[in-house]
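Structure record follows, encoded as structure tokens.
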Amino acid sequence: MNAVIDVQHLKKTFNKETALQDVSFTIQKGEIFGFLGPSGSGKTTTIKILTAQTDKSAGNVLLFGQPATDMKQSQNRKRFGILTDNSGLYTRLSIEENLLLYSNLYEIPNSAVKEALDFVNLYADRKKKISQLSKGMIQRVTLARAIMHKPELLFLDEPTSALDPVNTQHIYNGLRRLNDMGTTIFLTTHDMSEAEILCDRVAFLHKGKIRAIGAPKDLKKEFGTDTITVELKNGAQEIIENGAQDAEKLYQWMQSEQVRCIYTNEPTLGDIFMQITGSDLV
Ligand SMILES: Nc1ncnc2c1ncn2[C@@H]1O[C@H](COP(=O)(O)OP(=O)(O)OP(=O)(O)O)[C@@H](O)[C@H]1O
Numbered sequence: 001m002n003a004v005i006d007v008q009h010l011k012k013t014f015n016k017e018t019a020l021q022d023v024s025f026t027i028q029k030g031e032i033f034g035f036l037g038p039s040g041s042g043k044t045t046t047i048k049i050l051t052a053q054t055d056k057s058a059g060n061v062l063l064f065g066q067p068a069t070d071m072k073q074s075q076n077r078k079r080f081g082i083l084t085d086n087s088g089l090y091t092r093l094s095i096e097e098n099l100l101l102y103s104n105l106y107e108i109p110n111s112a113v114k115e116a117l118d119f120v121n122l123y124a125d126r127k128k129k130i131s132q133l134s135k136g137m138i139q140r141v142t143l144a145r146a147i148m149h150k151p152e153l154l155f156l157d158e159p160t161s162a163l164d165p166v167n168t169q170h171i172y173n174g175l176r177r178l179n180d181m182g183t184t185i186f187l188t189t190h191d192m193s194e195a196e197i198l199c200d201r202v203a204f205l206h207k208g209k210i211r212a213i214g215a216p217k218d219l220k221k222e223f224g225t226d227t228i229t230v231e232l233k234n235g236a237q238e239i240i241e242n243g244a245q246d247a248e249k250l251y252q253w254m255q256s257e258q259v260r261c262i263y264t265n266e267p268t269l270g271d272i273f274m275q276i277t278g279s280d281l282v
């Protein structure tokens, strides 16, 4: 087994409120794993426990085969990177100065700063002070900092929530490159299309419990209906089974040139989440 993250029966309570009830999942080396859930479902709490920023109430949490609390040790800190909305950047310093400070702290060569700035498409803006940046630019600086030391494991809490489509695409490409080089990625998102584009597997989190887990294509197969919709030239929409029994019907429509278009009725991850939990992802 090559588990980078192994979480078993994790529970977290804050005073009387239960944030995580009985959460179990395993992430293998090289996976991109998406933790999907609406606001308040427990995504950030999970990342905080995994990265030793918050204590668990019960359960077992291992990273690289060691208790998550060991991630506070300096030799382990370099093994992972974190992007959260708490940037911790020095607002009076420039983007570049912030990253140079970080590279010195982590004893990374200064050349890594340029590479990280290119990764987030901010090299041309490197002299700008943090106080002058938009929310999306700050998110990109924080991401640059998270990947600069080339961690084995990357935690991304809503990585593209403040980004425009062009930068979102740029970051997706960069994350895929990192993943191709072996980085395991754990990301949280509300954004179903982001999960479909990036993730090998996803878990649906709802009220502190995992309600489903699997590869997007497998979840679609499990929760979808195997039907197709045929739109005819007279405006009618016919839903038929995607199998031999309805093939004859389709053949007849095609023969008589009645078909305008055909599409599958595959559910989105958002549809599946709604089906399982009865609530929306936002
Ligand atoms: N420090 C804290 N003290 C008390 N309750 C907390 C604390 N942190 C989180 N919670 C509660 O735990 C639950 C899960 O919160 P969490 O921040 O993990 O959700 P989330 O899924 O990350 O939400 P969002 O998408 O809005 O960031 C919420 O009910 C929240 O109010």
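Heads up: the sequence shown begins at 1 in UniProt numbering, then just goes up one per residue. In this text, a Cβ means the ideal position worked out from N, Cα and C, and glycines have one as well. Keep in mind that this is a model prediction, so the values were computed, not measured.
Alpha carbon of residue i to alpha carbon of residue j, nearest angstrom
i, j, result
"VAL230", "ILE262", "5 Å"
"PRO216", "PHE155", "20 Å"
"ALA203", "ARG211", "7 Å"
"residue 292", "SER134", "What the structure shows of the chain is the stretch from 1 to 282, and residue 292 is not part of that stretch, so it cannot be assessed."
"VAL113", "ILE147", "10 Å"
"ARG177", "ILE185", "12 Å"
"THR18", "LEU143", "30 Å"
"PHE35", "GLN275", "17 Å"
"ASP157", "THR264", "32 Å"
"PRO109", "HIS149", "9 Å"
"ILE138", "ILE130", "7 Å"
"GLY208", "SER256", "54 Å"
"THR268", "ARG260", "24 Å"
"PHE119", "VAL7", "31 Å"
CB-CB length for residue i against residue j, believed under 8 Å
i, j, result
"THR183", "GLU152", "7 Å"
"THR44", "VAL23", "Their Cβ separation, rounded to whole angstroms, is 13 Å, which puts THR44 and VAL23 out of contact at 8 Å."
"LYS56", "LYS12", "6 Å"
"LYS48", "SER94", "Not quite, the Cβ-Cβ distance comes to about 29 Å (not below 8 Å), so this is no contact."
Measuring from each Cβ to the nearest heavy atom of ligand 1, keep the ones under 5 Å and list them in chain order.
PHE14, ALA19, SER39, GLY40, SER41, GLY42, LYS43, THR44 and THR45
Closer than 8 Å is the cut-off here; do at least three beta carbon pairs connect the region 92 to 108 with the region 55 to 63?
no
Within 8 Å, do at least three Cβ pairs link the region 75 to 92 to the region 17 to 34?
The region 17 to 34, when compared against the region 75 to 92, does not touch it at the 8 Å Cβ threshold.
Which ranges does the beta strand (DSSP E) cover as unbroken runs of at least 3 residues, wholly within the region 239 to 270, from first to last along the chain?
Taking only runs of at least 3 residues, the beta strand (DSSP E) segments lying wholly in the region 239 to 270 are 259 to 264.
With contact counted as at least three CB pairs below 8 Å, one residue from each stretch, are the region 190 to 198 and the region 234 to 245 in contact?
no
Runs of 3 residues minimum, wholly inside the region 143 to 206: which ones carry the beta strand (DSSP E) assignment?
DSSP runs (the beta strand (DSSP E)) wholly in the region 143 to 206: 153 to 157, 184 to 189 and 201 to 206.
Continuous beta strand (DSSP E) assignments of at least 3 residues falling wholly in the region 43 to 126:
58 to 63 and 80 to 83
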